[in-house]
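Colleague: Residue numbers (this note's numbering): 5 to 617.
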Amino acid sequence: MCGIIGVTGEADAIPLLLGALHQLEYRGYDSAGVAMVVDGSVWRARAAGGTNSVAALAELTAGAPTGHAAAIGHTRWATHGSPTAENAHPHLDCTGRLAIIHNGIIENHAVLRVELEAAGHTITSGTDTEVMVHLVEAEVAGGATLEEATRTMLRRVRGAFSIAVISADEPDTIVAARRSTPLVLGLHDGMALLASDIPALIEHTRQVYALADDELAVLTPGALRVVTLAGEPVEPQQLKITYDLQAAQRGGYEDFMSKEMHEQPQAVADTLLDRRGGHGELVLDEMRLRPGELRDIDKVFIVACGSSYHAAMVAKYAIEHWVKLPVEVDIASEFRYRDPVLNSRTLCVGVSQSGETLDTSEALREAKRLGAKVLTVTNVVDSSMARAADGVLYTRAGPEIGVASTKCHLAQIVALEVLGLYLAQLLGTQPPAAIDEILDAMEVLPSLVTEALGRAGDVDDVAAKLTDARDFFFLGRHVGYPVALEGALKLKEIAYLRAEGYPAGELKHGPIALIEPGAVVVGVATRNPLWEKMLSNIAEVRSRGATVVLLADDGDEESAAEADHVLWVPPTFPLISPVVDVVPMQQLAYRLARLHGHDPDRPRNLAKTVTVE
Ligand code: AGP
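1. May I ask which residues mark the beginning and end of the beta strand (DSSP E) holding A273?
2. By the 10 Å Cβ neighbour count, where 16 or more other Cβ atoms means buried, how is L610 classified, buried or exposed?
3. How should T128 be labelled, buried or exposed, when 16 other C-beta atoms within 10 angstroms of its C-beta is the threshold for buried?
4. Given a cut-off of 8 Å on the beta-carbon distance, is the pair M261 and A408 in contact?
5. What are the residues that DSSP puts in a beta bridge with I167?
6. Entirely within the region 257-328 and at least 3 residues each: give me those beta strand (DSSP E) ranges in chain order.
7. Do P574 and E447 count as a contact pair if the criterion is CB distance below 8 Å?
8. Output needed for M265: all residues of its chain with C-beta closer than 8 Å, excluding positions within five of it in sequence on either side, in chain order.
9. According to DSSP, simplified to helix, strand and coil, what is G424?
10. Going by DSSP, name the residue or residues bridged to S45.
11. Nearest to A172 by CA position, among G461, A75, A17 and S57, is which residue?
12. What I want to know is whether the C-beta of G310 ends up closer than 7 Å to one or more non-hydrogen atoms of the ligand AGP.
13. Can you tell me which of the three DSSP states T399 falls into?
14. Given a cut-off of 8 Å, decide if V38 and T65 are closer than it, judged by their beta-carbon atoms.
15. I439 to S356, Cα distance in whole Å?
16. Fully enclosed by the region 491-557, which beta strand (DSSP E) runs are 3 residues long or longer?
17. My output table needs one value for R80: the three-state DSSP class, helix, strand or coil.
18. How long is the line joining the alpha carbons of A73 and G296, rounded to whole angstroms?
19. Can you tell me whether T551 is buried or exposed? The criterion is at least 16 other CB atoms within 10 Å of its CB, across all chains shown.
20. Just the C-alpha distance for V144 and A153, rounded to the nearest angstrom, thanks.
21. Taking all protein chains shown into account, do 16 or more other C-beta atoms lie within 10 angstroms of the C-beta of G406, making it buried, or fewer, making it exposed?
22. Drop a sphere of 10 angstroms on the beta-carbon of S45, count the other beta-carbons inside from all chains shown, and report buried for 16 or more, exposed for fewer.
23. Nearest to E366 by CA position, among V422, I516 and Y341, is which residue?
24. Assuming L431 and R299 form a contact by the criterion Cβ under 8 Å, report the distance between their Cβ atoms to the nearest whole angstrom.
25. In whole angstroms, what is the alpha-carbon distance linking V228 and T79?
26. Figure out for me which residue from E111, M136 and V231 has the closest Cα to the Cα of E121.
27. Less than 7 Å between the CB of T380 and some heavy atom of the ligand AGP, yes or no?
28. Beta-carbon within less than 6 Å of R531's beta-carbon, same chain only, minus the 5 sequence neighbours each way: which residues are those?
29. If you reduce the DSSP assignment to three classes, tell me which class E20 lands in.
30. Q27: buried (16+ other C-beta within 10 angstroms of its C-beta) or exposed?
31. Should H125 be labelled buried (16 or more other beta-carbon atoms within 10 Å of its own) or exposed?
32. Do you know how far the Cα of V222 is from the Cα of P203?
33. When you measure from the CB of E324 to every non-hydrogen atom of the ligand AGP, does any distance come out below 7 Å?
34. Tell me the residue span of the alpha helix (DSSP H) that contains L116.
35. Run through the DSSP bridge pairs and tell me what P237 is partnered with.
36. How about A415: is its Cβ closer than 7 Å to a heavy atom in the ligand AGP?
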C-alpha cells in the first residue's frame with residue numbers, strides 16, 4: 005500500500021511532493037523517496053527509517069534544485085525486499101536517466117529479473133518494482149518514446165500496479181498507468197498531477213480524474229492525455245470531490261474500519277498474488293525453510309492472539325484435512341508457560357498482524373528454544389517476529405490502522421490456507437488437481453467478499469432490530485466456530501456488548517442455561533460438514549425464546565426457516581468459507597457500535613499493537 009505522488013509544471017516541486025507524502029502518511033510506510041528531472045538528468049533522494057522517513061527525506065532534499073520539469077515521490081510499504089533505503093523508490097534504470105515509482109505487486113518479477121540480468125542489466129534492489137524500469141530502458145534504447153516504452157513494458161508484467169515513470173530525455177513528461185491498484189490524476193494552473201489517492205491532491209486541485217485499469221496517462225504541464233495499452237484515446241472520468249482532507253484520508257469513508265473492510269477484496273487478492281509457479285505449483289518465496297526441512301515435520305503448532313488466533317483456528321481445520329498432520333492452536337500468552345512438547349520435527353507458526361505482539365513473539369522464542377522450526381505469518385515486512393523466525397509468509401493487506409482487525413484477519417486466513425496447500429503439495433497428501441481446484445476457488449474469494457460487502461444494507465436492517473439487546477451468543481460448528489468467535493470478539497471490542505462465542509455443540513453442556521427471551525443468537529449456518537447438526541443446535545435455542553440471526557448460503561431456505569433474521573452470503577468451499585462469512589460479522593459489530601454511539605476506530609482500553617504481557 006505505497007503512496008504515490010507526481011507533478012509536472014510546478015516551479016518548486018520538492019515542497020509539493022513532501023507535502024503530499026505527508027498527506028499520505030496515514031497509509032503507513034517504512035521508507036520514502038523522490039526523483040525529478042533537473043538540467044537533463046535525474047536527481048534522486050531516498051530515506052528509510054519507518055515513520056521518520058518522510059522527515060529524513062525532507063532533510064535530504066533541503067537545498068534540492070528547482071525547476072518546472074517532471075517530479076515523482078513515493079512512500080513505500082515493503083512487500084518484496086526489506087524496508088531499506090536501497091529498496092526505497094524511485095528506482096532507476098542502468099543509465100540513471102529513467103526513474104519509476106510503483107504501488108502493488110509484480111507477480112512475474114523473478115522471471116523478468118533473470119531475463120534482464122542475462123541481457124546485461126544490473127538490478128540493484130531486492131524489489132519486484134525495479135524490473136519495470138529496466139524493461140522501459142530496453143525499449144527506449146531501441147528508439148521508443150517514454151509512452152511507447154511504458155506501454156510495451158506493461159504488456160509484459162503480471163500483477164497489480166499503479167506506476168509513474170519519468171525520463172531525463174522527456175523532461176516535462178510523466179507517464180502513469182494502473183491495474184487493480186488506485187491512481188488519480190489532477191490538473192491545476194499549468195500543472196498536471198497524479199497520486200495514489202485523493203488526499204495527496206486535494207490541497208492543490210479539485211479537478212481530479214480517475215484512471216481505469218489498463219489505462220495509461222501522459223502528463224505534461226497543465227495537460228493530460230489518457231490512452232489504453234493499445235494506444236487508443238480515452239476520455240478520463242472526472243471525479244466529484246465533496247469531502248475534506250480528513251475524510252479523504254479515510255478514502256471518503258466515515259472511519260478507518262469501514263475503509264479497511266472495503267479493502268478486504270484487495271487484501272485477499274494481494275495475499276494470493278504471486279504464489280503459483282509456472283506449472284501451477286505453489287511457490288512461497290519468503291518461506292526460507294527448505295522443502296527437505298518441511299518434509300520432516302510431524303506436528304504443527306500455531307500460536308497467536310485475538311483475531312489472529314481465530315484465523316489460526318480456521319487453518320487448523322484446513323491443514324488437518326489437507327495435510328493429515330496434527331495441528332495444535334494455542335493462545336500465545338498460555339503456550340510458553342505450559343511446557344509444550346516440541347522438537348525439531350515440529351513446525352511452530354506464529355500469526356501476528358503487527359509482527360510485534362509480545363505474547364506471540366515470546367511464544368515463538370520459546371518454540372525456537374525447544375528446537376522447533378519457526379515460521380511467522382505477518383503483515384509487516386521485517387517486523388521483530390519476521391526477523392526472528394526461520395521463515396516468513398507475508399499477508400499483503402497493506403497497513404491496518406483500525407484497532408479492530410478486519411482486512412488483516414481475512415488475509416491471515418488466506419495465507420495460512422496457502423501454507424496448508426503448500427505443505428499438502430510437499431508431502432503429497434493431496435493430488436495436484438485437488439490443490440488446483442482449491443486455489444481456483446480461492447482466487448474467486450475477492451469477488452465473493454465484494455459481494456458480501458455490498459450487502460451491508462441487509463446487516464444494517466438486522467442491527468436496527470437488535471439495538472435493545474444486551475446478550476449475544478455467537479455459535480458455529482466446524483470452520484463456523486472460529487467465525488463465531490471472531491463475530492463475538494468484534495462485537496465486544498467496538499460495540500461493548502456482552503458476546504459469547506461457542507461451538508454450538510457445546511451449548512448443551514452449560515451455556516444453554518443462559519438462553520432466554522431477549523438473548524440474541526447469531527449462528528453460522530453456511531453449509532459446512534456439520535451444517536445439519538448446527539441447525540439442530542439452533543432449534544434448541546429457538547425453542548428457549550432466543551432471537552435467532554443466521555448466516556446462510558444464498559437461497560438456503562432450510563436454514564432460513566430456523567431464523568428470525570437471515571444474513572445471506574455467497575457460498576464457496578466450506579474450508580475457505582470463513583473468508584466470506586466473517587464479513588457480515590464485522591458489519592454487524594460495526595453497525596451496532598455506530599447505533600450505540602461508539603467510534604469503531606477508537607475502542608476503549610485497546611491498543612493496535614500489544615507489546616506488554
Ligand atoms: C483484533 O480485532 C484485535 N484488535 C486483537 O485481538 C488482535 O488481533 C491481537 O491483539 C493480535 O494482534 P497481532 O495480530 O498484531 O498479533
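Note that beta-carbon positions come from the ideal geometry of N, C-alpha and C, so glycine has one too.
Modeller: The structure says:
1. Locating residue 273 in the sequence shown gives position 269, counting from the first residue. That residue, A273, is in no beta strand (DSSP E); its alpha helix (DSSP H) goes Q268 to L276.
2. Here residue 610 refers to the residue found at position 606 when the sequence shown is read from its first residue. That one is exposed.
3. Counting from one through the sequence shown, the residue named residue 128 turns up at place 124. Exposed, because fewer than 16 other Cβ atoms sit within 10 Å of the Cβ of T128.
4. Looking up residue 261 in the sequence shown gives position 257. Looking up residue 408 in the sequence shown gives position 404. Contact flag set, yes.
5. Within the sequence shown, numbered from 1, the residue matching residue 167 stands at position 163. I167 is bridged to H106 and A181.
6. 303-308
7. Here residue 447 is taken as the residue at index 443 of the sequence shown, counted from 1. Here residue 574 is taken as the residue at index 570 of the sequence shown, counted from 1. Against a cut-off of 8 Å, the Cβ pair of P574 and E447 comes out as no contact.
8. Against the sequence shown, residue 265 aligns to sequence position 261. The residues are T410, K411, L457, V587, Q590, Q591 and Y594.
9. Along the sequence shown, one-based indexing puts residue 424 at 420. Three-state result, G424: helix.
10. The sequence position of residue 45 within the sequence shown is 41, counting from 1. Beta-bridge pairing links S45 to V42.
11. Taking the first residue of the sequence shown as 1, we reach residue 172 at position 168. Checking every option, the nearest Cα to that of A172 belongs to A75.
12. Reading the sequence shown from its first residue, position 306 is the one you call residue 310. Because some heavy atom of the ligand AGP lies under 7 Å away, the Cβ of G310 counts as near it: yes.
13. As a position in the sequence shown, residue 399 is number 395, starting the count at 1. Looking at T399 - three-state DSSP - the assignment turns out to be coil, as it is neither helix nor strand.
14. The sequence position of residue 65 within the sequence shown is 61, counting from 1. The sequence position of residue 38 within the sequence shown is 34, counting from 1. Going by C-beta atoms, T65 is nearer than 8 Å to V38.
15. Within the sequence shown, the letter at position 435 stands for residue 439. Within the sequence shown, the letter at position 352 stands for residue 356. Approximately 26 Å, taken between the alpha carbons.
16. 502-507, 524-528 and 551-557
17. Counted from its first residue, the sequence shown places residue 80 at position 76. Reduced to three states, the DSSP call for R80 is strand.
18. Residue numbering aside, residue 73 sits at position 69 when the sequence shown is read from its first letter. Residue numbering aside, residue 296 sits at position 292 when the sequence shown is read from its first letter. Taking the straight line from one Cα to the other gives about 54 Å.
19. For the purposes of this step, residue 551 is taken as the residue at position 547 of the sequence shown. Under this definition T551 is a buried residue.
20. Counted from its first residue, the sequence shown places residue 144 at position 140. Counted from its first residue, the sequence shown places residue 153 at position 149. Those two C-alpha atoms are separated by around 6 Å.
21. The sequence position of residue 406 within the sequence shown is 402, counting from 1. By the neighbour-count rule (16 or more Cβ atoms within 10 Å), G406 is buried.
22. On the sequence shown, position 41 is the one that residue 45 refers to. Under this definition S45 is an exposed residue.
23. Counting from 1 along the sequence shown, the entry for residue 366 is found at position 362. Residue Y341 is the option with its Cα nearest to E366.
24. Stepping through the sequence shown from its first residue, residue 431 is reached at position 427. Stepping through the sequence shown from its first residue, residue 299 is reached at position 295. Indeed, because the Cβ distance is near 6 Å, the residues count as touching under 8 Å.
25. As a position in the sequence shown, residue 228 is number 224, starting the count at 1. As a position in the sequence shown, residue 79 is number 75, starting the count at 1. Val is not the amino acid found at residue 228; the sequence shown has Leu there. So the alpha carbons of these two residues sit roughly 24 Å apart.
26. Your numbering for residue 121 matches position 117 in the sequence shown. Taking only the C-alpha atoms, the option nearest E121 is M136.
27. For the purposes of this step, residue 380 is identified with residue 376 of the sequence shown, where counting begins at 1. No, the Cβ of T380 stays beyond 7 Å of every heavy atom of the ligand AGP.
28. The residue you call residue 531 lines up with position 527 of the sequence shown. Cβ neighbours of R531 beyond the five flanking positions: D557.
29. By one-based count along the sequence shown, residue 20 stands at place 16. Correcting the residue type first, residue 20 is Leu in the shown sequence and not Glu. Residue state, collapsed to three classes: helix.
30. For this step, residue 27 is matched to residue 23 along the sequence shown. The residue in question, Q27, is buried, as its Cβ has 16 or more Cβ neighbours within 10 Å.
31. Looking up residue 125 in the sequence shown gives position 121. Label assigned to H125: buried.
32. On the sequence shown, position 199 is the one that residue 203 refers to. On the sequence shown, position 218 is the one that residue 222 refers to. Between P203 and V222, the C-alpha separation is close to 21 Å.
33. Here residue 324 refers to the residue found at position 320 of the sequence shown. Because no heavy atom of the ligand AGP lies under 7 Å away, the Cβ of E324 does not count as near it: no.
34. Here residue 116 is taken as the residue at index 112 of the sequence shown, counted from 1. Taken as a continuous stretch (DSSP letters only), the alpha helix (DSSP H) holding L116 covers H113 to A122.
35. On the sequence shown, position 233 is the one that residue 237 refers to. Looking at the DSSP assignment, P237 forms a beta bridge with V231.
36. Here residue 415 is taken as the residue at index 411 of the sequence shown, counted from 1. False, no ligand heavy atom lies under 7 Å from that Cβ.
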